[in-house]
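So the mapping is simple: this note's numbering equals the position in the sequence shown, first residue as 1, plus 245. Glycine included, each C-beta is placed from N, C-alpha and C at the ideal position. Notes follow the structure.
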Amino acid sequence: MINVLIFGPPGSGKGTQSVTLAEKYNLLHLSTGDMLRAELAAGTALGKKMEAIMAAGELVPDDVVIEMIARKIDSTTGKDGFIFDGFPRTVQQAEALQKMLEARSMKIDLMLVLEVNDAELMNRMKKRALVSGRADDADEAVINNRIDVYRAKTEPVIEYGRKAGVSRQVDGVGSIGDIFERLCNHIETVV
Ligand code: B4P
Numbered sequence: 246m247i248n249v250l251i252f253g254p255p256g257s258g259k260g261t262q263s264v265t266l267a268e269k270y271n272l273l274h275l276s277t278g279d280m281l282r283a284e285l286a287a288g289t290a291l292g293k294k295m296e297a298i299m300a301a302g303e304l305v306p307d308d309v310v311i312e313m314i315a316r317k318i319d320s321t322t323g324k325d326g327f328i329f330d331g332f333p334r335t336v337q338q339a340e341a342l343q344k345m346l347e348a349r350s351m352k353i354d355l356m357l358v359l360e361v362n363d364a365e366l367m368n369r370m371k372k373r374a375l376v377s378g379r380a381d382d383a384d385e386a387v388i389n390n391r392i393d394v395y396r397a398k399t400e401p402v403i404e405y406g407r408k409a410g411v412s413r414q415v416d417g418v419g420s421i422g423d424i425f426e427r428l429c430n431h432i433e434t435v436v
């Protein structure tokens with residue numbers, strides 16, 4: 246089993262790369278963003294509660310995502326590991342993930358940190374807004390808030406990974422194929 250965290254600011258390409266990495270290494274792709282958007286789309290009570298938080302570019306409460314992830318891990322079979330996309334996003338989530346994995350005799354093997362400058366992030370998300378219908382991509386102020394929230398609450402998780410000796414910085418600017426290769430080169434060191 247290998248467990249990979251894909252990390253980086255909003256719009257850095259975590260979701261884009263996770264899909265093909267999951268396919269190549271037979272990993273389950275766990276995107277907390279996708280899971281939350283599915284709740285929104287299905288109009289569940291949870292989705293309704295989270296809608297305004299997400300539209301403002303804020304983080305939903307830690308316990309909500311931790312619970313979602315634990316349920317997915319326990320219901321998965323036939324995979325060689327997990328790729329965590331957009332989770333953990335706070336140090337508290339990182340600690341919860343570590344405990345969750347340890348309790349199941351697993352660990353975090355690699356944390357891939359995509360590095361992309363703010364201007365490029367803004368460009369990508371504005372472009373995606375034209376097709377995604379995502380409220381959090383449609384407004385420049387919300388995109389800026391998401392980047393600020395990332396710097397304040399999520400970036401400290403990199404230090405957590407660095408101390409554990411699992412974090413690797415990856416240039417996230419370039420073609421999707423080139424970035425995929427850069428990420429694979431790191432994964433090859435742990436499979
Ligand atoms: P996410 O769904 O995680 O959204 P994201 O960070 O914007 O996406 P990502 O980095 O995956 O970008 P993508 O590959 O799509 O989160 C959304 C919201 O959910 C959060 O703001 C929060 O409210 C909530 N949430 C999620 N997880 C949470 C958690 N753990 N705790 C609390 N709240 C949580 O790429 C973006 C665009 O760039 C795409 O259009 C893509 O085509 C393009 N692109 C990708 N790579 C490119 C490249 N190399 N060159 C050019 N364009 C590229």
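Nearest CA to the CA of residue i: which residue from the options?
i           : options            : result
residue 335 : 372, 414, 371, 395 : 395
residue 361 : 381, 375, 259, 246 : 259
residue 308 : 342, 279, 374, 326 : 342
residue 348 : 431, 388, 319, 401 : 319
residue 433 : 321, 354, 392, 350 : 354
residue 331 : 277, 366, 290, 351 : 277
residue 333 : 405, 350, 298      : 405
residue 326 : 286, 351, 316, 337 : 351
residue 257 : 392, 316, 412      : 392
residue 400 : 378, 317, 337      : 337
Cβ of residue i within 8 Å of Cβ of residue j?
i           : j           : result
residue 427 : residue 415 : yes
residue 274 : residue 311 : no
residue 436 : residue 403 : no
residue 255 : residue 356 : no
residue 300 : residue 380 : yes
residue 366 : residue 248 : no
residue 374 : residue 363 : no
Which of the three DSSP states, helix, strand or coil, is assigned to residue i?
i           : result
residue 413 : strand
residue 394 : helix
residue 361 : coil
residue 351 : coil
residue 248 : strand
residue 260 : helix
residue 329 : strand
residue 304 : coil
Given this structure, state the Cα-to-Cα distance separating residue i from residue j, to the nearest angstrom.
i           : j           : result
residue 409 : residue 305 : 26 Å
residue 302 : residue 389 : 9 Å
residue 339 : residue 252 : 12 Å
residue 430 : residue 264 : 16 Å
residue 324 : residue 421 : 25 Å
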